[in-house]
């Protein structure tokens, strides 16, 4: 029985996808470079959850190193690649775009080359709703996304294009999953919900860029993980949105819901809107329903409750996480 290669296994989505596979009795080969794009303590916590499974193997390596990638494919029988490793975050990509090209473009190319050379046919490639910036919602997969507003979006779009090229030239079966604002327990600390919970709990001011009316198609982590695994089915080459598919929720609404769950009033500090950010994200998910039989099951209210419950249970970890990025 071969391994599922999950890249970014210590990341938010990579951890949950790996856990779902391991619970189903599958073997997972997890890789992650454990970079300091955000506090490594969270990545180490997620990894500790996965290491409890005997069928999990982990390697700390940089996917931009082609020889290291080739060694993985030489030493393990790989059933499919679930490529979730990436430098994420719109604003940080303006500061160090080179890191984004290495992690999001070069790493993807290395994996595609190794798949071609070692006859591994299937990849699920994580992409982003940030590609839809500047377009009118709701967003469907047929929209032209050739005007990215950040290096992050540009590099993820580049990875999609490379994936199509390798599908066309070598027959690789690749499903691109465009994720919409994923949240949940052990989520990324550079994203709003983790930060808001921490700040409200610690009675510190919440920093909001803009007036808080900007809205997101928040999608709970378990729904995203299930959709990602459903995308392992053979489809040729497809781009599929995985998002809430409902009316987007504003940042101000999120703050209000968290205040109720935490029993504390937020102190909000509004700052100028960032020009690389999006006003609204909203997924059209008809294709996911049709091709994958997928739609989200967890409401924003239930998802936030689970996230707050996890945060309280792991409050020492949450308090210890440094919200400053490298």
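Numbering (full-length UniProt numbering), first residue to last: 1 to 326.
The beta carbon of each residue, even a glycine, is placed where N, CA and C say it ideally should be.
- [ ] Return the CA-CA distance between residue 60 and residue 40, expressed in angstroms with no decimal places.
- [x] In the chain shown, counting from the first residue as 1, residue 60 sits at position 60. In the chain shown, counting from the first residue as 1, residue 40 sits at position 40. In a straight line, the C-alpha of residue 60 is about 13 angstroms away from that of residue 40.
TODO: Consult DSSP for residue 30 and reduce its assignment to one of helix, strand or coil.
DONE: For this step, residue 30 is matched to residue 30 along the chain shown. It is a strand residue.
Open item on the list: Please state the DSSP three-state secondary structure of residue 76.
Closed with: The count along the chain shown starts at 1 and reaches residue 76 at position 76. Residue 76 falls in the coil class under three-state DSSP.
Task: Simplified DSSP state of residue 399, which is helix, strand or coil - done: Only positions 1 to 326 of the chain appear in the structure, and residue 399 is not among them; the question remains open.
TODO: From the DSSP output, in three-state form, read off residue 120 for me.
DONE: Here the question's residue 120 lines up with position 120 in the chain shown. If DSSP states are grouped into helix, strand and coil, residue 120 belongs with coil.
Open item on the list: Here's a check: name, in chain order, each residue in its chain whose Cβ is nearer than 6 angstroms to the Cβ of residue 151, leaving out the five neighbours to either side.
Closed with: Mapped onto the chain shown, residue 151 falls at position 151. Around residue 151: 93, 97, 100.
TODO: Taking 8 angstroms as the threshold, find out whether the stretch 290 to 297 comes into contact with the stretch 306 to 321 through three or more Cβ pairs.
DONE: no
Task: DSSP bridge partner residues for residue 178 (one or two, in chain order) - done: In the chain shown, residue 178 corresponds to position 178, counting from 1. Paired residue(s): 127, 241.
- [ ] Please go through the same chain and pick out, in chain order, the residues whose beta-carbon is closer than 6 angstroms to the beta-carbon of residue 21, but skip the five residues on each side of it.
- [x] Here the question's residue 21 lines up with position 21 in the chain shown. Correct list, in chain order: 4, 28.
Task: Residue range of the unbroken alpha helix (DSSP H) whose run includes residue 229 - done: Numbered from 1 along the chain shown, position 229 holds the residue referred to as residue 229. Counting along the chain, the alpha helix (DSSP H) containing residue 229 begins and ends at 221 to 230.
Open item on the list: Going by C-alpha to C-alpha distance, which of 118, 88, 34 sits closest to residue 69?
Closed with: As a position in the chain shown, residue 69 is number 69, starting the count at 1. The residue with the shortest Cα to Cα distance from residue 69 is 118.
TODO: Sort out for me which residues DSSP pairs residue 269 with in a bridge.
DONE: Indexing the chain shown from 1 puts residue 269 at position 269. BP columns for residue 269 point to 207.
Task: Local conformation of residue 24 per DSSP, three classes - done: Within the chain shown, the letter at position 24 stands for residue 24. Coil at residue 24, not helix or strand.
Task: Residues near residue 160 by beta carbon distance below 6 angstroms, same chain, minus five either side - done: Indexing the chain shown from 1 puts residue 160 at position 160. Cβ neighbours of residue 160 beyond the five flanking positions: 127, 176.
TODO: Name the two residues that bound the continuous alpha helix (DSSP H) containing residue 336.
DONE: A query on residue 336 cannot be resolved here, the shown segment of the chain reaching from 1 to 326 and no further.
Open item on the list: I'd like the list of long-range same chain contacts for residue 51, defined as Cβ closer than 8 angstroms, with 5 residues on each side in sequence excluded.
Closed with: Translated into positions along the chain shown, residue 51 becomes position 51. Only 58 meet the Cβ criterion.
- [ ] Would you mind sorting residue 169 into buried or exposed? The rule is 16 or more other CB atoms within 10 Å of its CB.
- [x] Residue numbering aside, residue 169 sits at position 169 when the chain shown is read from its first letter. Exposed, because fewer than 16 other Cβ atoms sit within 10 Å of the Cβ of residue 169.
Open item on the list: Among 157, 45, 229, 302, whose alpha-carbon lies nearest the alpha-carbon of residue 318?
Closed with: Walking along the chain shown from the start, residue 318 turns up at place 318. The shortest Cα separation from residue 318 among 157, 45, 229, 302 belongs to 45.
- [ ] Could you pull the start and end residues of the alpha helix (DSSP H) that residue 50 belongs to?
- [x] Here the question's residue 50 lines up with position 50 in the chain shown. Segment 40 to 50, the alpha helix (DSSP H) holding residue 50.
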